[in-house]
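Colleague: Please read through the structure below; I'll follow up with questions.
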Amino acid sequence: MFRNYFKVATRSLIRHKGYSFINIFGLTVGLCAALLILLYAKSELTYDRVHTQAENIYMVYKERITPTGTQETFDTWAPTWEALKEDYAQVVNGARVINQGLWVEVNGERFNEPATLTDRSYFELFDFKLKEGNRQTVLSGLNEAVVSQALAERLFPGENAMGKTIMVPSLDNQYIVSGILEEVPYNSYLQPNLIVPVQSHPEFEGIAGNWGSSFLESYVLLKPDTDVAELEASFEDFIAKIWDAQTAENTNFKLLNLLDVYDRFNDNRQYAYILLIVAIGILLIAAINFMNLATARSMERAREAGMRKVLGAVKPQLVIQYLTESLTITFISLVLGLVLAVALLPRFNTYYNIGLATDFWQDPGNMLAILAVGLLIGLASGLYPAFYITSLKSVDTLKGKVLKTNGVGKFIRNALVVLQFMFSTLLIVGTLVIGRQVDFMKNKDMAFDKENLLVLPIRVDDFPSEEQGINQLSGLRNALKSHTSVTSLTATSSIPGNFPGRFTFVVPDGFTAEQRLRMRFTFVDHDFFSSLRIGLLKGRDFLPNSEQDRSEAAIVNKAALQAFGWEDIEGKYLNFGNRKVQVIGVVDDYNFESLANEVAPIIHFYRPPENAVHSFTVARVAAGRTADALSLAKEQWELALPSVPFDYYFVDQRFQQLYEAEERLTGAISTFSMVAIIIATMGLLGLSSLITAQRTKEIGIRKVLGATVMSIIGLLSKRFALLIGLAFVLTIPVAVVLLNNWLADFAYRIHLGPLVFLVALVGTLFVALMAIGLQTAKAALANPVQSIRYE
-3 MFRNYFKVAT
7 RSLIRHKGYS
17 FINIFGLTVG
27 LCAALLILLY
37 AKSELTYDRV
47 HTQAENIYMV
57 YKERITPTGT
67 QETFDTWAPT
77 WEALKEDYAQ
87 VVNGARVINQ
97 GLWVEVNGER
107 FNEPATLTDR
117 SYFELFDFKL
127 KEGNRQTVLS
137 GLNEAVVSQA
147 LAERLFPGEN
157 AMGKTIMVPS
167 LDNQYIVSGI
177 LEEVPYNSYL
187 QPNLIVPVQS
197 HPEFEGIAGN
207 WGSSFLESYV
217 LLKPDTDVAE
227 LEASFEDFIA
237 KIWDAQTAEN
247 TNFKLLNLLD
257 VYDRFNDNRQ
267 YAYILLIVAI
277 GILLIAAINF
287 MNLATARSME
297 RAREAGMRKV
307 LGAVKPQLVI
317 QYLTESLTIT
327 FISLVLGLVL
337 AVALLPRFNT
347 YYNIGLATDF
357 WQDPGNMLAI
367 LAVGLLIGLA
377 SGLYPAFYIT
387 SLKSVDTLKG
397 KVLKTNGVGK
407 FIRNALVVLQ
417 FMFSTLLIVG
427 TLVIGRQVDF
437 MKNKDMAFDK
447 ENLLVLPIRV
457 DDFPSEEQGI
467 NQLSGLRNAL
477 KSHTSVTSLT
487 ATSSIPGNFP
497 GRFTFVVPDG
507 FTAEQRLRMR
517 FTFVDHDFFS
527 SLRIGLLKGR
537 DFLPNSEQDR
547 SEAAIVNKAA
557 LQAFGWEDIE
567 GKYLNFGNRK
577 VQVIGVVDDY
587 NFESLANEVA
597 PIIHFYRPPE
607 NAVHSFTVAR
617 VAAGRTADAL
627 SLAKEQWELA
637 LPSVPFDYYF
647 VDQRFQQLYE
657 AEERLTGAIS
667 TFSMVAIIIA
677 TMGLLGLSSL
687 ITAQRTKEIG
697 IRKVLGATVM
707 SIIGLLSKRF
717 ALLIGLAFVL
727 TIPVAVVLLN
737 NWLADFAYRI
747 HLGPLVFLVA
757 LVGTLFVALM
767 AIGLQTAKAA
777 LANPVQSIRY
787 E
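Note that our numbering has the sequence shown beginning at -3, numbered continuously upward.
Structure, rendered in structure tokens:
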């Protein structure tokens, strides 16, 4: 029996090729898009679930309560996790993590590598698997190191790295490779590359019990079912035991679950949920096409159903027949969508810079979920048409009275078309708004000139000795500064777009010790503000090689001046414990990080260019001389530091990278908007074709009575234009609420205006009416004699 149902369904699909193509194409593209999004969302929403204890692992962080508000900071002290374990039974294990770049030397060749200094317990908390080595004993010795596969291949190409020796000059230590990591899943927040014991740091003994400087991450493993809120509340006594009353009053310890860490820093869940909604919308649009076309064909299918009933078929048999057709279309589309998704997945991975498995279809769980989605779509799309058609009276269907006597189907079709275009319009508006926000952030005046700023990440510590570093860097900088391709040069510890989080406590004049502020600080030389073209609003700049400015002066930005509540800086000082520093200048609020954040108060201290604190040499390149400046910089770098590959970037490019997430979201939504519009428009094309065919005789009579081609096209298109207009009106409040909520996360943002909505309306109407117009024009231009003979 089921074989016969399938045979009839196949014949029906072949007989109605246009109808079948529209449905299969729409569902294939929709399922492919949805499948890629669902795989992406699943990986983003399961970040760090690769670690079996993730639900019980927490990052310790602190809240600083200051007169200007509460600041969250994630740097903690070296003794943190061990002290917590000693005082709280709920803490069963933990690990310190210091992430920093280290120079690694092998056979005279140097590599600058991301490194993790941690405890042996790191492998007890996190489930990083070893390709070679023993997880139970690795890092037991202070001279042991674990490396990633990629690092092993870089350091020892074509050789087995196990047992090999690497030198880390800055730690004054040699390490033996005792483990090689398996490839770390991309959706792990921690991405170890080189792991060495934190105890091997030459200054470890001095920092192990130091509660005065916070500079590392602390992770703790709690007992299952620990009441985290209760544990956090009890930290008050712990803090009071360590620090003075003022610090304890203004400090809270908090716990952030490992599963929430990546989202806290990258906001990935918001984007994953946005794309999930897009996926569901695309599937709905494709399914609505199916339902609409099936009900629009009700006249033809109703006659078939009526004849089958007369010949003895019962309603359940007819329902099964129509559901078989629906499921056949769905599963053909599912197979094609799966093949298309597998083909597109490598490009999808490249675009999003992720590592979704290309063999996802081999996972039984994934395939069951995909089959379940296919079954759900097939049943959801086919049930209404099946029950609608089989519920009609045989006498009415054979007389062709279906459309004349039933308005329910027409209402449902109209409602579904409105729903389709509501979602399509929302996607278009979203694409336009997100794109405008990204362009706004890229092009906003940032109170400094970010163009043509060449950054060389080179510092004194990169050289074998401090003396050599000072001499070689001075030679490099002098060569750059004297060349015509470079208009100015500066040395700095921070650069906009790459501003490390250094903070200090400060008591400005007019504040008491209890009102001290926690502020960001950086070190610059005397050419920093002029080279970056940052406006000096009050006072003076640092003087070259001034020992007084080095020890007794600071320049703050406007945000800091406002935080101090000062009107002027004359005779104003900042107090750092027993040290007093005069504020000699105020600069404009330049944006040193993403425009998603407001400009924070910042204090600038002076250090001469040769000082080891500086991490960057920044050259302002003359317009049109980029190639010359790069050639010179590369030549001088290789003279100064031949063992290290030449490295550079431009500030404007770094800021573009800060908005990669938003740009990828814009690209994804714009692509899927096009998919949604194409699917919805093809549905309209099929729907208008069927409805036009059903009104063929009416069109012929109207032409005989004098109707023009344009009036007939307008008559047939008017209904769809009204439906699209209604969809647009209903979309506006939804779009305003959703997009304003998204824009609220940006300190500097655009404001929604009527233009984006107008563009979306015009674009949607144009595409839809073009598709409908082609079909209606064909009907309007037909010979009226043939039209009247129709039916």
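Backbone N, C-alpha and C define an ideal beta-carbon position, used for all residues, glycine too.
Hey, out of Thr6, Glu105, Glu463 and Val434, whose CA is closest to Val164's CA?
Modeller: Locating residue 164 in the sequence shown gives position 168, where the first residue counts as 1. That would be Glu105, whose Cα lies nearest to the Cα of Val164.
Colleague: Could you compute how far the alpha carbon of Gly431 sits from the alpha carbon of Phe21?
Modeller: In the sequence shown, counting from the first residue as 1, residue 431 sits at position 435. In the sequence shown, counting from the first residue as 1, residue 21 sits at position 25. Approximately 29 Å, taken between the alpha carbons.
Colleague: Residues in the same chain with beta-carbon distance under 6 Å from Tyr43, minus the five sequence neighbours each way, listed in chain order, please.
Modeller: Sequence index remark: in the sequence shown, residue 43 carries index 47 (1-based). Asn183 and Tyr258.
Colleague: To the nearest angstrom, how far is it from the Cα of Arg131 to the Cα of Ile176?
Modeller: On the sequence shown, residue 131 is found 135 positions in, with the first residue counted as 1. On the sequence shown, residue 176 is found 180 positions in, with the first residue counted as 1. Each residue's Cα considered, the two are about 10 Å apart.
Colleague: Write down the C-beta distance between Asn246 and Thr62 rounded to the nearest angstrom, noting that I regard them as a contact closer than 8 Å.
Modeller: Start at 1 with the first residue of the sequence shown, and residue 246 comes out as number 250. Start at 1 with the first residue of the sequence shown, and residue 62 comes out as number 66. Correct: roughly 7 Å between the Cβ atoms.
Colleague: Counting Cβ pairs, one atom from each stretch, are 3 or more of them under 8 Å apart for the region 530 to 543 and the region 514 to 522?
Modeller: Yes: at least three Cβ pairs fall under 8 Å.
Colleague: For Lys400 and Phe668, I'd like the C-alpha separation in whole angstroms.
Modeller: For the purposes of this step, residue 400 is identified with residue 404 of the sequence shown, where counting begins at 1. For the purposes of this step, residue 668 is identified with residue 672 of the sequence shown, where counting begins at 1. With a pLDDT of only 49 at Lys400, under 50, the local geometry of the prediction cannot be trusted, and no value is derived from it.
Colleague: Take Ile551 as the anchor and find which of Phe517, Gly573, Leu528 and Leu469 has the nearest alpha-carbon.
Modeller: Here residue 551 is taken as the residue at index 555 of the sequence shown, counted from 1. For Ile551, the nearest C-alpha among the options comes from Phe517.
Colleague: Could you compute how far the alpha carbon of Lys438 sits from the alpha carbon of Ala592?
Modeller: Mapped onto the sequence shown, residue 438 falls at position 442. Mapped onto the sequence shown, residue 592 falls at position 596. In a straight line, the C-alpha of Lys438 is about 11 Å away from that of Ala592.
Colleague: Verify the CB distance criterion: does Phe507 have a CB-CB separation below 7 Å to chain C?
Modeller: This model lacks chain C altogether, as it is built from one protein chain only.
Colleague: Just to confirm, are Leu765 and Ser684 a CB contact at a threshold of 7 Å?
Modeller: As a working mapping, residue 765 is identified with position 769 in the sequence shown. As a working mapping, residue 684 is identified with position 688 in the sequence shown. Result no, Cβ atoms of Leu765 and Ser684 do not sit closer than 7 Å.
Colleague: What do you reckon, are the CB atoms on Leu27 and Leu371 nearer than 7 Å?
Modeller: Here residue 27 refers to the residue found at position 31 when the sequence shown is read from its first residue. Here residue 371 refers to the residue found at position 375 when the sequence shown is read from its first residue. Taking 7 Å as the Cβ cut-off, Leu27 and Leu371 do not qualify as a contacting pair.
Colleague: Give me the residue from Phe724, Asp564, Gly567 and Val425 with the minimum Cα distance to Leu734.
Modeller: Along the sequence shown, one-based indexing puts residue 734 at 738. Looking at the Cα atoms, Val425 is the closest of the given residues.
Colleague: What do you reckon, are the CB atoms on Lys160 and Val180 nearer than 7 Å?
Modeller: Within the sequence shown, residue 160 is the residue found at index 164, counting from 1. Within the sequence shown, residue 180 is the residue found at index 184, counting from 1. No.
Colleague: What are the residues that DSSP puts in a beta bridge with Asp575?
Modeller: Position 579 of the sequence shown, counting from 1, holds the residue named residue 575. First, the amino acid is wrong: residue 575 is Arg here, not Asp. Answer is Phe572, bridged to Arg575.
Colleague: Reducing DSSP to helix, strand and coil, say where Thr401 ends up.
Modeller: The residue you call residue 401 lines up with position 405 of the sequence shown. Residue confidence for Thr401 is low, a pLDDT of 44 falling below 50, so the modelled location carries little weight and cannot support an answer.
Colleague: Within 10 angstroms of the Cβ of His747, are there 16 or more other Cβ atoms? Answer buried if so, exposed if not.
Modeller: Walking along the sequence shown from the start, residue 747 turns up at place 751. Burial call: exposed.
Colleague: Taking one C-beta from the region 497 to 505 and one from the region 529 to 537 each time, how about it: are there three or more such pairs within less than 8 Å?
Modeller: The region 497 to 505, when compared against the region 529 to 537, does not touch it at the 8 Å Cβ threshold.
Colleague: Could you have a look at Ile214 and say whether DSSP puts it in helix, strand or coil?
Modeller: For the purposes of this step, residue 214 is identified with residue 218 of the sequence shown, where counting begins at 1. The question names Ile, but residue 214 in the sequence shown is Ser. Note: Ser214 maps to strand in three-state DSSP.
Colleague: Looking at the structure shown, is Tyr655 part of a helix, part of a strand, or coil, going by DSSP?
Modeller: Position 659 of the sequence shown, counted from the first residue, corresponds to residue 655. Correct three-state label for Tyr655: coil.
Colleague: Under the rule that 16 or more other beta-carbon atoms within 10 Å means buried, what is Lys58, buried or exposed?
Modeller: Numbered from its first residue, the sequence shown carries residue 58 at position 62. Lys58 is buried by the Cβ-count criterion.
Colleague: What are the boundary residues of the alpha helix (DSSP H) that Thr222 is part of?
Modeller: Start at 1 with the first residue of the sequence shown, and residue 222 comes out as number 226. Unbroken run through Thr222: none, as it is neither H nor E.
Colleague: Is DSSP giving Gln649 helix, strand or coil here?
Modeller: For the purposes of this step, residue 649 is taken as residue 653 along the sequence shown, with counting starting at 1. Note: Gln649 maps to helix in three-state DSSP.
Colleague: Can you give the Cα-Cα distance for Gly679 and Ile673, rounded to whole angstroms?
Modeller: As a first step, residue 679 must be located in the sequence shown, where it is residue number 683. As a first step, residue 673 must be located in the sequence shown, where it is residue number 677. Approximately 10 Å between the Cα atoms of the pair.
Colleague: Taking the C-alpha atoms as reference points, what is the distance between Gly351 and Asn345?
Modeller: By one-based count along the sequence shown, residue 351 stands at place 355. By one-based count along the sequence shown, residue 345 stands at place 349. So the alpha carbons of these two residues sit roughly 6 Å apart.
Colleague: Secondary structure at Tyr15, three-state DSSP: helix, strand or coil?
Modeller: As a working note, residue 15 is residue 19 in the sequence shown. In this structure, Tyr15 counts as helix in the three-state DSSP scheme.
Colleague: Output needed for Leu628: all residues of its chain with C-beta closer than 6 Å, excluding positions within five of it in sequence on either side, in chain order.
Modeller: To locate residue 628, count along the sequence shown from 1; it is residue 632. Only His479 meet the Cβ criterion.
Colleague: I'd like to know whether the C-beta atoms of Ala475 and Leu32 end up nearer to each other than 7 Å.
Modeller: What you label residue 475 is simply residue 479 of the sequence shown in a count that begins at 1. What you label residue 32 is simply residue 36 of the sequence shown in a count that begins at 1. The answer is no: Cβ separation not under 7 Å.
Colleague: Shortest alpha-carbon distance to Arg789 belongs to which of Leu323, Ile235, Gly378 and Glu40?
Modeller: Outside the displayed range of the chain (-3 to 787) lies residue 789, so it cannot be described from this structure.
Colleague: With a threshold of 16 other CB atoms inside 10 Å of the CB of Val579, please say whether the residue is buried or exposed.
Modeller: Along the sequence shown, one-based indexing puts residue 579 at 583. Buried, because 16 or more other Cβ atoms sit within 10 Å of the Cβ of Val579.
Colleague: When the distance is taken between beta carbons, is Val429 closer than 7 Å to Tyr655?
Modeller: Reading the sequence shown from its first residue, position 659 is the one you call residue 655. Reading the sequence shown from its first residue, position 433 is the one you call residue 429. No, the pair does not count as a contact, with Cβ atoms beyond the cut-off.
Colleague: Under a Cβ-count criterion, where at least 16 other Cβ atoms within 10 Å of its own Cβ denotes burial, should Asn737 be classed as buried or exposed?
Modeller: In the sequence shown, residue 737 corresponds to position 741, counting from 1. Per the 10 Å Cβ criterion, exposed.
Colleague: Does the pairing of the region 453 to 461 with the region 611 to 629 give three or more beta-carbon distances under 8 Å?
Modeller: Because the criterion of three Cβ pairs below 8 Å is met, the region 453 to 461 and the region 611 to 629 touch.
Colleague: Determine, using beta carbons only, whether Phe724 and Leu701 come nearer to each other than 7 Å.
Modeller: The sequence position of residue 724 within the sequence shown is 728, counting from 1. The sequence position of residue 701 within the sequence shown is 705, counting from 1. In this structure, Leu701 does not lie closer than 7 Å to Phe724 by Cβ.
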